[in-house]
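Taking it in order: structure first as structure tokens, then the write-up.
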Amino acid sequence: MTFVYLVVFGFAATALLGLITSWIDRKVTARVQYRAGPPFLQPFYDIVKLLGKETLIPAGASKGAFLIAPVIGISGVIVVSTLFWVNQFFSEGFMGDWIVAMYLLTVPSLSLILGGFASGNPLASLGASREMKLVIAYELPFILVALVPVISAHSIRLGDIINVQAGGVFAGSISGILALIVAILCVQAKLALVPFDIPEAETEIVEGPIVEYSGPGLAMFKLMKNMLLFVLPFFLIILFFGGLRFDGINILWTVLEYLGIVAIITVIRNTNPRVRIDQAVRFFWGPMTLLAIVAVILALKGL
Amino acid sequence: MSLKLKALLKSPWVFHLSTGSCNNCDIEILDCLTPRFDLERFGMLLVGSIKHADVLLVTGSCNRMSVERLKELYKQVPQPCLVVAVGTCAASRGIFKDSYNCPVPLDKIIPVDVYIPGCPPKPEAMIAGVVKLIEKVGGAK
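Chains as they are written, first to last, in numbering that gives the first Met the number 0: chain A, 0 to 302; chain B, 0 to 140.
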């Protein structure tokens, strides 16, 4: 059963849905700019192509850390998505898996930081240090808003959070809406998309931490990002919309919720300029943390 | 055609290098990414790092200073990699043929797969050149 959980759901299903989501993202971006956009199979071609390329290790790099970083990142995403799928379909979570999920969701950022510093490139080091500051910035409000469903459900198990919402989703309450708004902005930063793509600003420090990666290493990082593009909206759906539901008309709502979150992320990405790292930290520690605290207090009052 | 080659031809990521061009070709290359031509339809992206590139797009007449950088970059491209010479300067040095500063043409320095002549070439010509490149590499297999 572990094999089914990890490989079929954790890796294959997540990667497939992540790649499809990344195509939606690119297609919507293209349509916003009045372009035609890439064909449907484009993300798959990109990954297959990168797997067939040569791996180059820069002269000044620390070889072991450079090669292991993408593996750490992608394993983190696989494990965390397995945790979500297991809670979703098999109700086999454990007490406190919410905490494990919060920890594992930072593993991709950690792997980027590790890979960036290991590659010995000044631009990569710059990107990695910015990534570190961004993690410090968004983690506080993200953990606070992820606490809101825990308070409302009186349980720290993801399975219980899903089950309690069978009666009514948390996004229907005032605290839930506030928390959802903050959570979407934090997800934007977690995915390192505009306006929070400071660590990998393509036009400024050419993709930051992954600048020296080529071939399979780059493919793993790209796949990791595409999988995160599915995993984080999935986490929000679990926290605020009671998980994916496939009974009757609910299947339509599930698809709409998912596409809605992805569309909001994409539209924010396409209509904003990049902010500086100090502006991002001020934004997350100021208004976002305040909103998150308000949401937590409202949730404690039962609103 | 093997899957690897097919995937390479379906998503060629382009790194753009100017070896002392007058910037006209560079501006025309950027035109290819605009809504009117939109090369992302064919999976092409302009990447900022040579380590991510599949196609090395060279413009300009290869002057003495930039030739060293060109050789250095060509060593760092992950194979398989294709080279495209854009503009008359890159193809044959153009009006700089007798210049003291441009002693060697591009194809004597690194192997070139496709030449796109023009001063500057129109975006349509570049797209035609890219299609020829894909046909050449895909047909050879």
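By construction, the Cβ of each residue, glycine as well, lies at the ideal position given by its N, Cα and C atoms.
Counting along the chain, the unbroken beta strand (DSSP E) around W12/B starts and ends at 12-17.
Taking a Cβ-Cβ cut-off of 9 Å, the neighbours of L2/B in chain A comprise V47, G51, given in sequence order.
Using a Cβ-Cβ distance cut-off of 8 Å, the stretch 208-218 of chain A and the stretch 107-116 of chain A are in contact, since at least three pairs of beta carbons, one from each stretch, lie closer than that value.
Taking 7 Å as the cut-off between beta carbons, the residues of the stretch 193-217 of chain A near chain B are E201, V205, E206, V210, E211, Y212, S213, G214, L217, in sequence order.
When the five nearest sequence neighbours on each side are left out, the beta carbons in the same chain lying within less than 8 Å of the beta carbon of I236/A are those of G242, L243, T253, E256, Y257, I260, in order along the chain. Under the three-state reduction of DSSP, I115/B is assigned to strand. DSSP places L289/A in the uninterrupted alpha helix (DSSP H) bounded by 288-300. Per DSSP, the beta-bridge partners of T58/B are S17/B, V85/B. The beta carbons of K50/B and S213/A sit about 4 Å from each other, so the pair counts as a contact at 8 Å. Between the stretch 179-191 of chain A and the stretch 24-38 of chain B there are fewer than three inter-stretch CB-CB distances shorter than 8 Å, so the stretches are not counted as touching. When C-alpha distances from Q87/A are compared across L238/A, G175/A, E201/A, the shortest belongs to L238/A. The DSSP-derived three-state label of L251/A is helix.
A Cβ of chain B is located within less than 9 Å of the beta carbon of T54/A. Taking 9 Å as the CB threshold, H51/B lines the interface with chain A.
In the assembly as shown, Y4/A is a buried residue. Its beta-carbon has 16 or more other beta-carbons within 10 Å. Within chain A, the residues R34, A35 have their CB atoms less than 7 Å from the CB of D37/B, given in chain order. The beta carbon of I142/A sits closer than 8 Å to those of M101, all from its chain and outside the five residues before and after it, given in chain order.
Residue state for L113/A is assigned as helix, using DSSP reduced to three classes. Buried is the label assigned to F220/A, since at least 16 other Cβ atoms lie within 10 Å of its Cβ. At a cut-off of 9 Å between beta carbons, L40/A contacts chain B. Of all residues in the stretch 8-19 of chain B, only K9, S10 place a beta-carbon less than 7 Å from a beta-carbon of chain A. Interface with chain A (9 Å Cβ-Cβ cutoff): V129/B is excluded.
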